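In this note's numbering, the protein residues as written are 2 to 504.
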(Lines of atoms letter the chains of each structure in order from A and count residues from 1; the text may use other names and numbers.)
(Lines give C-alpha, C1' and ligand atoms only; values in the text may rest on other atoms or scores of the structure.)
Protein backbone atom coordinates (compact mmCIF):
# COMPACT_ATOMS: atom_id res chain seq x y z
CA UNK A 1 0.00 0.00 0.00
CA UNK A 2 1.34 3.40 -0.99
CA UNK A 3 1.90 5.60 2.09
CA UNK A 4 -1.03 7.93 2.76
CA UNK A 5 -2.81 9.74 5.59
CA UNK A 6 -6.41 9.82 6.75
CA UNK A 7 -8.43 13.06 6.66
CA UNK A 8 -9.42 14.48 10.02
CA UNK A 9 -12.79 15.66 8.70
CA UNK A 10 -14.81 16.06 5.51
CA UNK A 11 -17.54 18.56 4.66
CA UNK A 12 -20.22 18.21 1.99
CA UNK A 13 -21.39 21.32 0.13
CA UNK A 14 -24.37 21.84 -2.16
CA UNK A 15 -22.29 23.76 -4.71
CA UNK A 16 -18.82 23.64 -6.18
CA UNK A 17 -16.53 26.04 -4.28
CA UNK A 18 -15.32 28.92 -6.46
CA UNK A 19 -12.80 30.53 -4.05
CA UNK A 20 -11.55 30.16 -0.49
CA UNK A 21 -9.29 31.61 2.19
CA UNK A 22 -8.41 31.02 5.84
CA UNK A 23 -9.41 33.30 8.72
CA UNK A 24 -8.46 33.61 12.37
CA UNK A 25 -9.56 30.84 14.77
CA UNK A 26 -8.92 28.20 12.07
CA UNK A 27 -11.99 29.14 10.04
CA UNK A 28 -12.22 28.20 6.36
CA UNK A 29 -14.16 30.74 4.28
CA UNK A 30 -15.65 29.41 1.01
CA UNK A 31 -17.45 31.38 -1.73
CA UNK A 32 -19.93 29.95 -4.25
CA UNK A 33 -21.44 30.86 -7.62
CA UNK A 34 -24.83 31.50 -6.00
CA UNK A 35 -23.37 34.36 -3.95
CA UNK A 36 -23.30 32.37 -0.72
CA UNK A 37 -20.26 32.53 1.57
CA UNK A 38 -19.83 29.77 4.17
CA UNK A 39 -17.63 29.91 7.27
CA UNK A 40 -16.54 26.39 8.28
CA UNK A 41 -14.51 25.39 11.34
CA UNK A 42 -11.99 22.55 11.24
CA UNK A 43 -14.47 20.15 12.86
CA UNK A 44 -16.60 20.50 9.72
CA UNK A 45 -19.35 22.67 11.22
CA UNK A 46 -20.74 25.63 9.27
CA UNK A 47 -20.57 28.37 11.91
CA UNK A 48 -21.88 31.25 9.78
CA UNK A 49 -23.13 32.12 6.31
CA UNK A 50 -23.39 35.35 4.33
CA UNK A 51 -24.80 36.17 0.92
CA UNK A 52 -24.00 38.74 -1.76
CA UNK A 53 -25.46 39.61 -5.14
CA UNK A 54 -23.70 37.76 -7.94
CA UNK A 55 -21.17 34.92 -8.11
CA UNK A 56 -18.33 35.08 -5.57
CA UNK A 57 -14.95 35.13 -7.38
CA UNK A 58 -12.58 36.12 -4.58
CA UNK A 59 -12.15 36.27 -0.80
CA UNK A 60 -9.49 37.86 1.39
CA UNK A 61 -9.23 38.86 5.07
CA UNK A 62 -8.52 42.53 5.78
CA UNK A 63 -8.12 44.12 9.23
CA UNK A 64 -10.46 41.67 10.92
CA UNK A 65 -13.07 41.78 8.16
CA UNK A 66 -13.64 39.43 5.23
CA UNK A 67 -13.74 41.04 1.76
CA UNK A 68 -16.02 39.27 -0.71
CA UNK A 69 -15.69 40.00 -4.43
CA UNK A 70 -18.72 39.60 -6.70
CA UNK A 71 -18.28 39.20 -10.46
CA UNK A 72 -21.31 41.40 -11.11
CA UNK A 73 -21.49 43.93 -8.26
CA UNK A 74 -18.10 44.67 -6.70
CA UNK A 75 -16.84 44.28 -3.13
CA UNK A 76 -18.65 43.51 0.12
CA UNK A 77 -16.97 43.76 3.53
CA UNK A 78 -18.35 41.75 6.47
CA UNK A 79 -17.24 42.33 10.05
CA UNK A 80 -17.43 45.01 12.72
CA UNK A 81 -17.68 47.81 10.14
CA UNK A 82 -19.40 46.42 7.00
CA UNK A 83 -19.33 48.32 3.70
CA UNK A 84 -19.95 47.89 -0.02
CA UNK A 85 -17.94 49.15 -2.96
CA UNK A 86 -19.92 49.12 -6.21
CA UNK A 87 -18.06 48.23 -9.41
CA UNK A 88 -20.20 48.80 -12.49
CA UNK A 89 -18.12 46.43 -14.61
CA UNK A 90 -18.03 43.80 -11.86
CA UNK A 91 -14.95 42.38 -10.18
CA UNK A 92 -12.65 39.82 -11.80
CA UNK A 93 -9.72 39.61 -9.34
CA UNK A 94 -8.80 40.81 -5.86
CA UNK A 95 -5.43 40.87 -4.11
CA UNK A 96 -4.51 41.83 -0.56
CA UNK A 97 -1.83 44.56 -0.26
CA UNK A 98 -0.26 46.56 2.57
CA UNK A 99 -2.60 49.46 1.73
CA UNK A 100 -5.87 47.53 1.46
CA UNK A 101 -7.06 45.44 -1.48
CA UNK A 102 -6.60 45.76 -5.22
CA UNK A 103 -9.68 44.96 -7.27
CA UNK A 104 -9.64 44.45 -11.04
CA UNK A 105 -12.88 45.23 -12.85
CA UNK A 106 -14.23 43.91 -16.14
CA UNK A 107 -13.03 46.94 -18.10
CA UNK A 108 -9.37 46.41 -17.17
CA UNK A 109 -9.07 48.98 -14.36
CA UNK A 110 -7.01 48.36 -11.20
CA UNK A 111 -8.51 49.95 -8.09
CA UNK A 112 -6.74 50.33 -4.75
CA UNK A 113 -9.37 50.27 -2.01
CA UNK A 114 -8.75 50.94 1.69
CA UNK A 115 -9.92 48.80 4.61
CA UNK A 116 -12.84 51.22 5.04
CA UNK A 117 -14.04 50.93 1.44
CA UNK A 118 -12.51 54.17 0.12
CA UNK A 119 -11.09 54.31 -3.42
CA UNK A 120 -7.46 55.42 -3.03
CA UNK A 121 -6.07 55.01 -6.56
CA UNK A 122 -7.19 53.84 -9.97
CA UNK A 123 -5.15 52.75 -13.00
CA UNK A 124 -6.18 51.54 -16.45
CA UNK A 125 -4.12 48.51 -17.54
CA UNK A 126 -6.34 46.41 -19.79
CA UNK A 127 -7.39 42.80 -19.13
CA UNK A 128 -5.53 41.25 -16.19
CA UNK A 129 -4.73 37.52 -15.89
CA UNK A 130 -2.66 37.48 -12.68
CA UNK A 131 -1.79 39.79 -9.83
CA UNK A 132 0.62 39.39 -6.89
CA UNK A 133 1.62 41.57 -3.93
CA UNK A 134 4.89 41.71 -1.99
CA UNK A 135 3.21 42.58 1.30
CA UNK A 136 5.30 44.89 3.47
CA UNK A 137 7.63 45.85 0.60
CA UNK A 138 4.63 47.45 -1.09
CA UNK A 139 5.17 46.20 -4.66
CA UNK A 140 2.55 44.80 -7.03
CA UNK A 141 3.14 42.47 -9.97
CA UNK A 142 0.58 42.27 -12.77
CA UNK A 143 0.37 39.81 -15.67
CA UNK A 144 -1.82 41.18 -18.46
CA UNK A 145 -3.85 39.25 -21.00
CA UNK A 146 -1.63 40.46 -23.85
CA UNK A 147 1.50 39.01 -22.21
CA UNK A 148 2.81 42.24 -20.65
CA UNK A 149 4.38 42.20 -17.20
CA UNK A 150 3.96 45.26 -14.97
CA UNK A 151 5.63 46.17 -11.68
CA UNK A 152 3.70 48.82 -9.76
CA UNK A 153 4.39 50.73 -6.57
CA UNK A 154 2.04 50.61 -3.60
CA UNK A 155 0.24 53.67 -5.03
CA UNK A 156 -0.18 51.91 -8.43
CA UNK A 157 2.60 54.02 -9.97
CA UNK A 158 4.32 52.27 -12.88
CA UNK A 159 7.87 51.11 -12.10
CA UNK A 160 8.46 48.69 -14.98
CA UNK A 161 6.55 47.64 -18.10
CA UNK A 162 7.82 44.54 -19.94
CA UNK A 163 5.86 44.03 -23.17
CA UNK A 164 5.81 40.73 -25.06
CA UNK A 165 7.95 40.32 -28.16
CA UNK A 166 6.34 42.01 -31.15
CA UNK A 167 6.82 38.93 -33.32
CA UNK A 168 5.47 36.38 -30.83
CA UNK A 169 2.57 35.62 -28.49
CA UNK A 170 3.47 35.46 -24.81
CA UNK A 171 1.66 34.68 -21.58
CA UNK A 172 2.43 35.19 -17.89
CA UNK A 173 1.59 31.85 -16.27
CA UNK A 174 2.45 32.52 -12.59
CA UNK A 175 3.74 35.31 -10.32
CA UNK A 176 5.21 35.46 -6.81
CA UNK A 177 7.36 37.86 -4.83
CA UNK A 178 10.38 36.77 -2.84
CA UNK A 179 10.71 38.20 0.67
CA UNK A 180 13.30 40.73 -0.58
CA UNK A 181 10.83 42.16 -3.12
CA UNK A 182 12.18 40.33 -6.19
CA UNK A 183 9.33 39.44 -8.53
CA UNK A 184 9.52 35.91 -9.95
CA UNK A 185 7.44 35.40 -13.10
CA UNK A 186 6.70 32.34 -15.19
CA UNK A 187 6.66 33.43 -18.83
CA UNK A 188 6.07 31.39 -21.95
CA UNK A 189 5.70 32.09 -25.65
CA UNK A 190 4.21 30.19 -28.57
CA UNK A 191 7.58 30.08 -30.30
CA UNK A 192 6.31 31.78 -33.44
CA UNK A 193 9.66 33.55 -33.86
CA UNK A 194 12.96 31.71 -34.23
CA UNK A 195 15.42 33.41 -31.89
CA UNK A 196 17.42 32.80 -28.73
CA UNK A 197 14.53 33.43 -26.33
CA UNK A 198 13.40 30.27 -24.48
CA UNK A 199 9.75 29.41 -25.04
CA UNK A 200 9.37 28.61 -21.32
CA UNK A 201 11.33 30.62 -18.79
CA UNK A 202 11.47 32.04 -15.28
CA UNK A 203 12.26 35.75 -15.05
CA UNK A 204 13.42 37.60 -11.92
CA UNK A 205 12.70 41.33 -11.72
CA UNK A 206 13.98 44.04 -9.40
CA UNK A 207 11.84 47.14 -8.93
CA UNK A 208 14.87 49.40 -9.41
CA UNK A 209 17.06 47.82 -12.11
CA UNK A 210 14.46 45.73 -13.94
CA UNK A 211 15.19 42.24 -15.29
CA UNK A 212 18.05 40.63 -13.36
CA UNK A 213 17.85 37.00 -14.49
CA UNK A 214 16.12 34.67 -16.95
CA UNK A 215 16.28 30.85 -16.79
CA UNK A 216 14.93 28.36 -19.31
CA UNK A 217 12.42 25.84 -17.96
CA UNK A 218 11.69 22.29 -19.19
CA UNK A 219 8.04 23.25 -19.78
CA UNK A 220 5.59 25.99 -18.84
CA UNK A 221 5.80 27.00 -15.17
CA UNK A 222 2.40 26.53 -13.53
CA UNK A 223 3.14 27.44 -9.90
CA UNK A 224 5.90 29.02 -7.80
CA UNK A 225 7.01 28.67 -4.18
CA UNK A 226 9.71 31.12 -3.11
CA UNK A 227 12.23 29.91 -0.52
CA UNK A 228 15.16 31.47 1.34
CA UNK A 229 17.60 30.01 -1.20
CA UNK A 230 15.60 30.65 -4.37
CA UNK A 231 12.35 29.27 -5.79
CA UNK A 232 10.66 25.91 -6.35
CA UNK A 233 8.88 25.71 -9.70
CA UNK A 234 6.05 23.35 -10.62
CA UNK A 235 5.77 22.67 -14.34
CA UNK A 236 3.07 21.67 -16.79
CA UNK A 237 4.83 18.37 -17.59
CA UNK A 238 4.83 17.33 -13.91
CA UNK A 239 8.40 18.29 -13.07
CA UNK A 240 9.32 20.09 -9.85
CA UNK A 241 12.59 21.99 -10.25
CA UNK A 242 14.68 24.17 -7.95
CA UNK A 243 16.32 27.47 -8.85
CA UNK A 244 18.91 28.78 -6.38
CA UNK A 245 20.38 32.26 -6.08
CA UNK A 246 23.83 32.38 -7.65
CA UNK A 247 23.50 28.96 -9.32
CA UNK A 248 23.12 28.66 -13.10
CA UNK A 249 20.28 26.55 -14.47
CA UNK A 250 17.86 24.44 -12.46
CA UNK A 251 17.92 21.13 -10.60
CA UNK A 252 15.11 18.62 -10.97
CA UNK A 253 13.61 17.60 -7.63
CA UNK A 254 10.82 15.29 -8.72
CA UNK A 255 8.95 14.10 -11.81
CA UNK A 256 5.24 13.50 -11.34
CA UNK A 257 2.77 12.34 -13.96
CA UNK A 258 0.54 15.42 -14.07
CA UNK A 259 0.94 19.17 -14.18
CA UNK A 260 1.66 20.74 -10.81
CA UNK A 261 -1.16 23.02 -9.64
CA UNK A 262 0.30 24.33 -6.37
CA UNK A 263 3.42 24.13 -4.18
CA UNK A 264 3.67 25.57 -0.68
CA UNK A 265 6.26 25.27 2.10
CA UNK A 266 5.44 22.94 4.98
CA UNK A 267 8.09 22.98 7.71
CA UNK A 268 11.19 21.49 6.04
CA UNK A 269 9.17 19.93 3.20
CA UNK A 270 6.64 21.01 0.56
CA UNK A 271 2.96 20.29 -0.02
CA UNK A 272 2.35 19.68 -3.72
CA UNK A 273 -1.00 19.24 -5.50
CA UNK A 274 -1.46 17.55 -8.87
CA UNK A 275 -4.45 15.83 -10.51
CA UNK A 276 -6.48 14.10 -7.74
CA UNK A 277 -3.61 14.15 -5.25
CA UNK A 278 -1.78 16.24 -2.69
CA UNK A 279 1.62 14.99 -1.47
CA UNK A 280 4.24 15.90 1.07
CA UNK A 281 7.61 15.97 -0.72
CA UNK A 282 11.05 16.66 0.75
CA UNK A 283 13.55 19.13 -0.81
CA UNK A 284 15.37 16.06 -2.17
CA UNK A 285 12.24 14.78 -3.92
CA UNK A 286 11.20 12.00 -1.56
CA UNK A 287 7.44 11.56 -1.12
CA UNK A 288 6.41 11.04 2.52
CA UNK A 289 2.75 10.41 1.72
CA UNK A 290 0.11 11.01 -0.96
CA UNK A 291 -3.53 11.82 -0.19
CA UNK A 292 -6.10 11.21 -2.93
CA UNK A 293 -9.09 13.53 -3.17
CA UNK A 294 -12.39 12.47 -4.74
CA UNK A 295 -12.04 15.27 -7.29
CA UNK A 296 -9.28 17.07 -9.13
CA UNK A 297 -7.54 19.21 -6.50
CA UNK A 298 -8.37 22.85 -7.22
CA UNK A 299 -6.49 24.23 -4.23
CA UNK A 300 -5.59 23.89 -0.59
CA UNK A 301 -5.15 26.34 2.28
CA UNK A 302 -3.48 26.09 5.70
CA UNK A 303 -5.51 26.92 8.79
CA UNK A 304 -4.25 28.51 11.99
CA UNK A 305 -4.31 25.21 13.92
CA UNK A 306 -2.02 23.46 11.44
CA UNK A 307 -4.70 21.60 9.48
CA UNK A 308 -4.96 21.97 5.71
CA UNK A 309 -8.27 22.23 3.84
CA UNK A 310 -8.16 20.50 0.43
CA UNK A 311 -10.74 21.55 -2.16
CA UNK A 312 -11.48 19.43 -5.24
CA UNK A 313 -13.87 19.25 -8.18
CA UNK A 314 -14.70 15.98 -9.95
CA UNK A 315 -15.67 17.96 -13.10
CA UNK A 316 -18.84 15.94 -13.51
CA UNK A 317 -22.56 16.64 -13.30
CA UNK A 318 -23.08 14.82 -10.00
CA UNK A 319 -22.85 16.22 -6.46
CA UNK A 320 -19.78 18.31 -5.56
CA UNK A 321 -16.79 16.57 -4.00
CA UNK A 322 -16.39 17.11 -0.24
CA UNK A 323 -13.86 19.46 1.31
CA UNK A 324 -11.28 17.42 3.22
CA UNK A 325 -9.31 18.58 6.25
CA UNK A 326 -5.94 16.86 6.64
CA UNK A 327 -3.07 17.04 9.13
CA UNK A 328 0.21 16.79 7.17
CA UNK A 329 1.95 15.59 10.35
CA UNK A 330 -0.55 12.82 11.11
CA UNK A 331 0.56 9.14 11.27
CA UNK A 332 1.32 7.61 7.88
CA UNK A 333 -0.68 4.57 6.76
CA UNK A 334 0.86 1.92 4.54
CA UNK A 335 4.50 1.04 3.98
CA UNK A 336 6.76 4.15 4.13
CA UNK A 337 9.45 2.20 2.28
CA UNK A 338 7.31 2.42 -0.86
CA UNK A 339 7.90 6.18 -1.01
CA UNK A 340 10.26 6.88 -3.92
CA UNK A 341 12.73 9.58 -4.68
CA UNK A 342 12.76 11.23 -8.08
CA UNK A 343 15.67 9.05 -9.18
CA UNK A 344 13.93 5.84 -8.17
CA UNK A 345 10.79 6.95 -9.97
CA UNK A 346 12.78 7.55 -13.17
CA UNK A 347 14.40 4.11 -12.83
CA UNK A 348 11.04 2.40 -12.68
CA UNK A 349 9.06 4.43 -15.19
CA UNK A 350 11.74 5.87 -17.52
CA UNK A 351 10.98 9.41 -18.59
CA UNK A 352 7.68 11.26 -18.35
CA UNK A 353 5.34 10.37 -21.20
CA UNK A 354 2.06 11.92 -20.07
CA UNK A 355 0.43 8.46 -19.84
CA UNK A 356 -1.03 6.93 -16.68
CA UNK A 357 1.03 4.68 -14.46
CA UNK A 358 -0.25 1.19 -13.67
CA UNK A 359 -1.48 2.37 -10.28
CA UNK A 360 -3.25 5.38 -11.80
CA UNK A 361 -4.86 3.23 -14.49
CA UNK A 362 -6.31 1.02 -11.77
CA UNK A 363 -7.55 4.06 -9.85
CA UNK A 364 -8.99 5.73 -12.93
CA UNK A 365 -10.82 2.57 -13.95
CA UNK A 366 -12.88 2.78 -10.76
CA UNK A 367 -14.21 6.23 -11.70
CA UNK A 368 -16.97 7.03 -14.16
CA UNK A 369 -15.08 9.25 -16.56
CA UNK A 370 -17.51 11.70 -18.10
CA UNK A 371 -15.38 12.00 -21.23
CA UNK A 372 -15.16 8.34 -22.17
CA UNK A 373 -15.90 7.79 -25.86
CA UNK A 374 -19.29 6.46 -26.76
CA UNK A 375 -17.91 3.62 -28.89
CA UNK A 376 -15.60 2.38 -26.16
CA UNK A 377 -18.41 2.61 -23.63
CA UNK A 378 -20.84 0.59 -25.73
CA UNK A 379 -18.14 -1.98 -26.55
CA UNK A 380 -17.49 -2.41 -22.85
CA UNK A 381 -21.18 -2.80 -22.12
CA UNK A 382 -21.56 -5.32 -24.93
CA UNK A 383 -18.59 -7.30 -23.63
CA UNK A 384 -20.10 -7.36 -20.15
CA UNK A 385 -23.42 -8.57 -21.50
CA UNK A 386 -21.73 -11.23 -23.66
CA UNK A 387 -19.73 -12.46 -20.67
CA UNK A 388 -22.90 -12.76 -18.65
CA UNK A 389 -24.58 -14.69 -21.47
CA UNK A 390 -21.60 -16.97 -22.04
CA UNK A 391 -21.51 -17.81 -18.36
CA UNK A 392 -25.13 -18.94 -18.75
CA UNK A 393 -26.57 -16.45 -16.36
CA UNK A 394 -29.61 -18.16 -14.90
CA UNK A 395 -31.17 -15.13 -13.27
CA UNK A 396 -33.28 -13.60 -16.05
CA UNK A 397 -34.25 -10.60 -13.94
CA UNK A 398 -30.59 -9.73 -13.43
CA UNK A 399 -29.98 -9.85 -17.20
CA UNK A 400 -32.94 -7.57 -17.87
CA UNK A 401 -31.70 -5.19 -15.20
CA UNK A 402 -28.25 -5.13 -16.81
CA UNK A 403 -29.70 -4.36 -20.24
CA UNK A 404 -31.91 -1.61 -18.86
CA UNK A 405 -28.93 -0.13 -17.02
CA UNK A 406 -26.95 -0.01 -20.26
CA UNK A 407 -29.80 1.79 -22.03
CA UNK A 408 -30.14 4.32 -19.22
CA UNK A 409 -26.52 5.48 -19.32
CA UNK A 410 -26.21 9.03 -20.58
CA UNK A 411 -23.10 9.57 -22.70
CA UNK A 412 -21.84 13.14 -22.23
CA UNK A 413 -21.90 15.55 -25.18
CA UNK A 414 -18.81 16.57 -27.13
CA UNK A 415 -17.99 20.30 -27.06
CA UNK A 416 -16.19 21.83 -30.06
CA UNK A 417 -15.31 25.53 -29.87
CA UNK A 418 -13.22 25.49 -33.05
CA UNK A 419 -9.52 25.91 -33.66
CA UNK A 420 -7.32 28.62 -32.12
CA UNK A 421 -6.91 31.52 -34.54
CA UNK A 422 -4.71 34.53 -35.23
CA UNK A 423 -6.30 37.43 -37.15
CA UNK A 424 -5.34 40.97 -38.09
CA UNK A 425 -7.10 44.00 -36.63
CA UNK A 426 -8.94 46.57 -38.73
CA UNK A 427 -8.35 50.32 -38.93
CA UNK A 428 -9.97 50.72 -35.50
CA UNK A 429 -7.52 48.28 -33.93
CA UNK A 430 -10.21 45.63 -33.50
CA UNK A 431 -11.54 42.50 -35.20
CA UNK A 432 -14.99 40.93 -35.44
CA UNK A 433 -14.82 37.20 -34.76
CA UNK A 434 -17.41 34.44 -35.16
CA UNK A 435 -17.24 31.95 -32.31
CA UNK A 436 -18.71 28.77 -33.76
CA UNK A 437 -19.71 25.85 -31.55
CA UNK A 438 -22.13 24.32 -34.05
CA UNK A 439 -19.91 21.26 -34.50
CA UNK A 440 -20.62 20.21 -30.92
CA UNK A 441 -22.84 17.13 -30.69
CA UNK A 442 -24.36 14.60 -28.33
CA UNK A 443 -23.82 10.89 -29.17
CA UNK A 444 -27.05 9.63 -27.62
CA UNK A 445 -29.33 12.65 -27.52
CA UNK A 446 -29.43 16.35 -28.30
CA UNK A 447 -27.67 19.42 -26.96
CA UNK A 448 -30.19 21.53 -25.06
CA UNK A 449 -27.98 24.43 -23.99
CA UNK A 450 -24.94 26.36 -25.20
CA UNK A 451 -23.02 28.80 -22.99
CA UNK A 452 -20.08 30.95 -24.10
CA UNK A 453 -17.90 32.68 -21.49
CA UNK A 454 -14.85 34.91 -21.69
CA UNK A 455 -11.52 34.59 -19.88
CA UNK A 456 -13.04 36.10 -16.74
CA UNK A 457 -15.74 33.41 -16.62
CA UNK A 458 -18.43 35.93 -17.62
CA UNK A 459 -21.21 34.52 -19.80
CA UNK A 460 -21.36 36.30 -23.17
CA UNK A 461 -23.76 34.17 -25.22
CA UNK A 462 -26.23 31.28 -25.17
CA UNK A 463 -26.37 30.18 -28.81
CA UNK A 464 -24.18 27.85 -30.91
CA UNK A 465 -22.66 30.80 -32.76
CA UNK A 466 -21.95 34.31 -31.50
CA UNK A 467 -20.02 37.29 -32.83
CA UNK A 468 -17.58 39.21 -30.65
CA UNK A 469 -15.69 42.46 -31.24
CA UNK A 470 -12.12 42.10 -29.94
CA UNK A 471 -9.29 44.54 -29.39
CA UNK A 472 -5.68 43.72 -30.21
CA UNK A 473 -4.25 41.07 -27.89
CA UNK A 474 -4.90 37.49 -26.83
CA UNK A 475 -8.44 36.50 -25.86
CA UNK A 476 -9.61 33.22 -24.29
CA UNK A 477 -13.15 31.85 -24.54
CA UNK A 478 -14.90 28.72 -23.24
CA UNK A 479 -17.91 26.87 -24.62
CA UNK A 480 -19.99 24.71 -22.27
CA UNK A 481 -22.69 22.48 -23.78
CA UNK A 482 -25.39 20.58 -21.89
CA UNK A 483 -27.36 17.64 -23.29
CA UNK A 484 -30.96 16.66 -22.64
CA UNK A 485 -29.78 14.30 -19.90
CA UNK A 486 -28.04 17.04 -17.93
CA UNK A 487 -24.45 16.03 -18.76
CA UNK A 488 -22.02 18.79 -19.75
CA UNK A 489 -18.77 19.20 -21.67
CA UNK A 490 -16.42 22.15 -22.09
CA UNK A 491 -14.03 23.32 -24.82
CA UNK A 492 -11.68 26.30 -24.99
CA UNK A 493 -10.47 28.52 -27.81
CA UNK A 494 -7.83 31.26 -27.98
CA UNK A 495 -8.07 34.17 -30.42
CA UNK A 496 -5.10 36.44 -31.05
CA UNK A 497 -5.80 39.79 -32.68
CA UNK A 498 -2.61 41.26 -34.14
CA UNK A 499 -1.93 44.70 -35.51
CA UNK A 500 -2.19 44.66 -39.30
CA UNK A 501 1.06 45.34 -41.16
CA UNK A 502 -0.91 47.53 -43.58
CA UNK A 503 -1.69 50.10 -40.87
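Even glycine gets a Cβ: it sits at the ideal position worked out from N, Cα and C.
These figures come from a predicted structure and were not determined experimentally.
**Asked** So residue 220 and residue 238 are in contact, right, with Cβ under 8 Å, and what is the actual spacing, rounded?
**Response** 4 Å
**Message:** DSSP three-state label for residue 174, please.
**Reply:** strand
**Request:** Would you decide whether residue 99 is buried or exposed? Buried here means 16 or more other CB atoms lie within 10 Å of its CB.
**Result:** exposed
**Request:** Under 7 Å Cβ to Cβ from residue 149, same chain only, skipping five residues before and after it: list those, please.
**Result:** 162, 163, 164 and 165
**Asked** In chain order, which beta strand (DSSP E) runs of at least 3 residues are fully inside the stretch 433-458?
**Response** You should have 448-455.
**Message:** Checking 7 Å against the spacing of the C-beta atoms, do residue 53 and residue 65 come in under that value?
**Reply:** With contacts defined by Cβ atoms closer than 7 Å, residue 53 and residue 65 do not form a contacting pair.
**Asked** On the three-pair Cβ rule with 8 Å, is the stretch 77-94 touching the stretch 112-119?
**Response** yes
**Request:** Less than 8 Å between the CB atoms is what I'm expecting for residue 471 and residue 451, so what's the real figure, rounded?
**Result:** With a Cβ gap of about 20 Å, residue 471 and residue 451 do not count as contacting.
**Residue(s) in a DSSP beta bridge with residue 48** = According to DSSP, residue 48 bridges with nothing at all.
**Asked** Apart from the five residues on each side of it in sequence, which residues of its chain come closer than 8 Å, Cβ to Cβ, to residue 212?
**Response** 163, 204, 205 and 206
**Asked** Would a C-beta distance cut-off of 7 Å place residue 152 and residue 215 closer than the cut-off?
**Response** no
**Item:** As assigned by DSSP and simplified to three states, the class of residue 479
**Value:** strand
**Item:** Cutoff 7 Å: residue 285 Cβ touching any chain B Cβ
**Value:** Although the question refers to chain B, the structure presented lacks it and comprises just one protein chain.
**Request:** Under 6 Å Cβ to Cβ from residue 70, same chain only, skipping five residues before and after it: list those, please.
**Result:** Only 58, 59, 76, 92 and 95 meet the Cβ criterion.
**Prompt:** Does DSSP put residue 43 in a helix, a strand or coil?
**Reply:** coil
**Message:** Among 225, 198 and 438, whose alpha-carbon lies nearest the alpha-carbon of residue 462?
**Reply:** With distances taken between Cα atoms, residue 462 lies closest to 438.
**Through-space distance from residue 287 to residue 306, alpha-carbon basis** = 26 Å
**Message:** If you reduce the DSSP assignment to three classes, tell me which class residue 18 lands in.
**Reply:** strand
**Request:** Starting from residue 13, follow the beta strand (DSSP E) in both directions and report where the run begins and ends.
**Result:** Taken as a continuous stretch (DSSP letters only), residue 13 belongs to no beta strand (DSSP E), as it is neither H nor E.
**Request:** Measure the alpha-carbon distance for residue 492 versus residue 456 and round it to whole angstroms.
**Result:** If you take the alpha carbons of residue 492 and residue 456, they lie about 13 Å apart.
**Item:** N- and C-terminal bounds of the beta strand (DSSP E) containing residue 93
**Value:** 92-98
**Asked** Do residue 496 and residue 422 have their C-beta atoms within less than 7 Å of each other?
**Response** Cβ atoms of residue 496 and residue 422: closer than 7 Å.
**Request:** Check residue 137 in the structure and name its three-state DSSP category.
**Result:** helix
**residue 276: first and last residue of the uninterrupted beta strand (DSSP E) it sits in** = Per DSSP, residue 276 belongs to no beta strand (DSSP E) and is neither H nor E.
**Request:** Measure the CB-CB distance between residue 326 and residue 39 and report whether it falls below 7 Å.
**Result:** no
**Request:** Keeping to the same chain, check which residues put their C-beta closer than 7 Å to that of residue 417; ignore five residues upstream and five downstream.
**Result:** 438, 440, 441 and 492
**Prompt:** Beta carbon of residue 499: closer than 6 Å to some heavy atom of the ligand ADP?
**Reply:** As far as ligands go, the structure on display features none, and thus does not contain the ligand ADP.
**Prompt:** From residue 106 to residue 246, what distance separates their C-alpha atoms?
**Reply:** 36 Å
**Message:** By DSSP's criteria, residue 233 is part of a beta bridge. Which residues make up the other side?
**Reply:** 226 and 243
**Message:** Would residue 283 and residue 291 qualify as a contact pair, given that the criterion is a beta-carbon distance under 7 Å?
**Reply:** No, these two residues do not count as a Cβ contact at 7 Å.
**Residue closest to residue 178, alpha-carbon to alpha-carbon, out of 41, 202, 157 and 142** = 142
**Request:** From the DSSP output, in three-state form, read off residue 315 for me.
**Result:** coil
**Asked** Quick one: Cα of residue 1 to Cα of residue 156, how far?
**Response** No answer is possible for residue 1: it lies beyond the span of the chain, which begins at 2 and ends at 504.
**Asked** Where does residue 41 land, buried or exposed, given buried means 16+ other C-beta within 10 angstroms?
**Response** Buried: at least 16 other Cβ atoms inside 10 Å.
**Message:** Taking the alpha carbon of residue 158 as the reference point, which residue from 185, 446, 122 and 501 has its own alpha carbon closest?
**Reply:** Measuring from the Cα of residue 158, the nearest candidate turns out to be 122.
**Message:** Between the alpha carbons of residue 243 and residue 252, how many angstroms are there, rounded?
**Reply:** 5 Å
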